[in-house]
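Asker:
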Amino acid sequence: MRLRTEQRHDDLVETAFSLDDVPGILWTPTTPAAATTPSPLVLLGHPGDLSRMHPRLLARARSCVAAGFAAATLELPGTGERPRHPGVDRARADLRRAVRAGEPVPDDVVDRLVLPLVEQAAPEWRAALDALLARPDLCGPVAWSGGNISLGVRMAVVEPRIAAAVLFAGSYVPRAIVEEARTVTVPMLVLLQWDDEGNDRQQALGLFEALGSREKTLHANIGGHTGVPAFEGDDAARFLIRHLRPAAEVSSQPISPGDRPVTRRNASANAPGLR
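Heads up: the sequence shown begins at 1 in UniProt numbering, then just goes up one per residue.
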């Protein structure tokens with residue numbers, strides 16, 4: 001890992017890095033406790049283009065730091081400074097044509113759009129995790145939060161250091177990923193915007209049903225893609241605290257039902273989402 005720049009904020013340190021030419025960002029706490037005790041790590045997923053997503057990622061990182069965690073992210077294949085994926089770009093154009101025409105999006109288009117990204121990105125995130133956890137100020141357990149839901153599922157399946165995941169159901173999901181979801185065992189919190197114009201609601205519900213985790217919770221809110229209510233961030237923080245901190249530290253935290261899915265629908269308000 002090559003460190004590129006470091007910027008100090010009041011509540012955290014932001015370190016830009018690259019790993020085999022893949023750009024990334026690490027946010028670490030500046031609290032006195034962080035100077036002596038390693039921080040559990042949250043991997044922040046996003047839809048791509050770190051420069052465009054930076055304000056929202058920084059806000060999410062601040063929430064992680066406030067909960068006692070460090071946070072990190074990587075640029076996705078084919079976005080930002082990275083070389084384009086011509087096949088993925090063609091699939092994206094095919095998807096947009098189908099949506100504009102009011103037609104169902106064919107499975108092969110979803111596969112061509114999503115699977116190449118997942119196949120390339122998952123090993124990159126795992127390599128980044130190797131490098132990050134070699135630092136003395138970071139430790140496991142690790143969580144995944146937000147971004148492309150298919151990549152989040154893949155990481156929960158293949159990466160044993162991930163202890164919990166917060167997923168945002170806001171993108172198309174290949175059937176192969178739905179099948180992979182059946183092998184997920186870690187606790188999952190899934191957020192779904194009921195009126196998300198760019199998401200297939202039934203597909204998202206099918207993915208949630210397929211998740212093999214004994215503890216899985218679904219929060220469904222009225223509103224479009226960017227209308228995630230502010231309180232969902234608080235709920236996500238409590239979920240991560242419960243699963244990343246030792247039990248003694250969270251004995252006072254409310255515990256959600258563990259063995260059955262919970263669905264909640266609420267009126268929406270604009271707030272920074274998980275993408």
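Beta carbons are placed, not taken as given, at the ideal position from N, Cα and C, and that holds for glycine.
When you compare only the Cα positions, how much space is there between proline 83 and proline 77?
Answerer: Approximately 7 Å between the Cα atoms of the pair.
Asker: Could you tell me the boundaries of the beta strand (DSSP E) in which leucine 117 lies?
Answerer: Where leucine 117 is concerned, there is no enclosing beta strand (DSSP E), although the alpha helix (DSSP H) it sits in stretches over 107-133.
Asker: Go ahead and pull the three-state DSSP assignment for valine 178.
Answerer: Of the three classes helix, strand and coil, the one that applies to valine 178 here is helix, per DSSP.
Asker: Considering only residues of the same chain and omitting the five flanking positions on each side of valine 109, which have a CB-CB separation below 8 Å?
Answerer: Correct list, in chain order: Ala91, Asp94, Leu95 and Ala98.
Asker: Short check: CB of leucine 50 to CB of glycine 80, under 8 Å?
Answerer: The answer is yes: Cβ separation under 8 Å.
Asker: Among the residues of its own chain, which have a CB less than 8 Å from the CB of arginine 245, if the five just before and after it don't count?
Answerer: Within the same chain, arginine 245 has close Cβ partners Pro40 and Gly68.
Asker: By Cβ distance, which residues of its chain are closer than 7 Å to arginine 62, with the 5 residues on each side in sequence left out?
Answerer: Answer for arginine 62: Asp11 and Leu12, listed in chain order.
Asker: Once DSSP output is grouped into helix, strand and coil, what is the label at proline 23?
Answerer: Proline 23 falls in the strand class under three-state DSSP.
Asker: Thinking C-alpha only, which one of Leu138, Pro38, Ala165 and Thr183 is nearest arginine 238?
Answerer: Arginine 238 has its Cα closest to that of Ala165, out of Leu138, Pro38, Ala165 and Thr183.
Asker: Please report how far the alpha carbon of alanine 131 lies from the alpha carbon of histidine 46, in whole angstroms.
Answerer: Rounded to the nearest angstrom, the two C-alpha atoms are 20 Å apart.
Asker: How many whole angstroms separate the CB atoms of glycine 146 and leucine 211, which I take to be in contact at a CB cut-off of 8 Å?
Answerer: Incorrect: roughly 16 Å between the Cβ atoms, too far for contact.
Asker: Taking C-alpha atoms, which residue in Pro32, Arg2, Thr31 and Ala35 lies nearest to aspartate 21?
Answerer: The shortest C-alpha separation from aspartate 21 is found at Arg2.
Asker: Starting from the C-beta of glutamine 7, find all residues in its chain whose C-beta is less than 6 Å away, skip the five residues before and the five after it, and write them out in chain order.
Answerer: Excluding residues within five positions, the ones whose Cβ falls inside 6 Å are Glu14.
Asker: Which term fits glutamine 193, buried or exposed, when burial requires 16 or more other beta carbons within 10 angstroms of its beta carbon?
Answerer: The residue in question, glutamine 193, is buried, as its Cβ has 16 or more Cβ neighbours within 10 Å.
Asker: How many angstroms separate the CA atom of isoleucine 222 from the CA atom of leucine 58?
Answerer: C-alpha separation (whole angstroms): 26 Å.
Asker: In angstroms, rounded to a whole number, what distance separates the CA positions of proline 86 and threonine 31?
Answerer: Roughly 44 Å between the two C-alpha positions.
Asker: In chain order, what are the residue ranges of uninterrupted beta strand (DSSP E) at least 3 long that sit wholly in the segment 13-74?
Answerer: With a minimum length of 3 residues, the continuous beta strand (DSSP E) runs that stay inside the segment 13-74 are 22-29, 39-45 and 70-74.
Asker: Locate the beta strand (DSSP E) running through alanine 165, then write down its first and last residues.
Answerer: Note, alanine 165: beta strand (DSSP E), 162-168.
Asker: Quick check on the DSSP output: the alpha helix (DSSP H) that includes serine 150 runs from which residue to which?
Answerer: From DSSP, the alpha helix (DSSP H) with serine 150 extends over 149-158.
Asker: Mind checking proline 55: buried by the 16 CB within 10 Å criterion, or exposed?
Answerer: Flag for proline 55 reads exposed.
Asker: Which same chain residues end up closer than 8 Å to valine 158 when comparing Cβ atoms and leaving out the 5 residues on each side of it in sequence?
Answerer: If we look at valine 158 and ignore the five residues flanking it on each side, its Cβ neighbours are Ala122 and Arg126.
Asker: So what does DSSP say about alanine 91, is it helix, strand or coil?
Answerer: Helix, per DSSP.
Asker: Starting from the Cα of arginine 161, find the closest Cα among Ala181, Ala169, Gly140 and Val173 and give me that residue.
Answerer: The shortest C-alpha separation from arginine 161 is found at Gly140.
Asker: Answer yes or no: do leucine 74 and glycine 24 have a C-beta to C-beta separation smaller than 8 Å?
Answerer: For leucine 74 and glycine 24, yes; Cβs fall inside 8 Å.
Asker: Under 7 Å Cβ to Cβ from phenylalanine 17, same chain only, skipping five residues before and after it: list those, please.
Answerer: Cβ within range, chain order: Met1, Arg2, Leu3, Arg4, Gly24 and Leu26.
Asker: Give a yes or no on contact between the segment 202-217 and the segment 176-186, applying the rule of three or more CB pairs nearer than 8 Å.
Answerer: Contact holds: three or more Cβ-Cβ distances are below 8 Å.
Asker: Under 7 Å Cβ to Cβ from residue 287, same chain only, skipping five residues before and after it: list those, please.
Answerer: With the chain covering only 1 through 275, there is no way to say anything about residue 287.
Asker: I'd like the list of long-range same chain contacts for isoleucine 177, defined as Cβ closer than 6 Å, with 5 residues on each side in sequence excluded.
Answerer: Ser150 and Val153.
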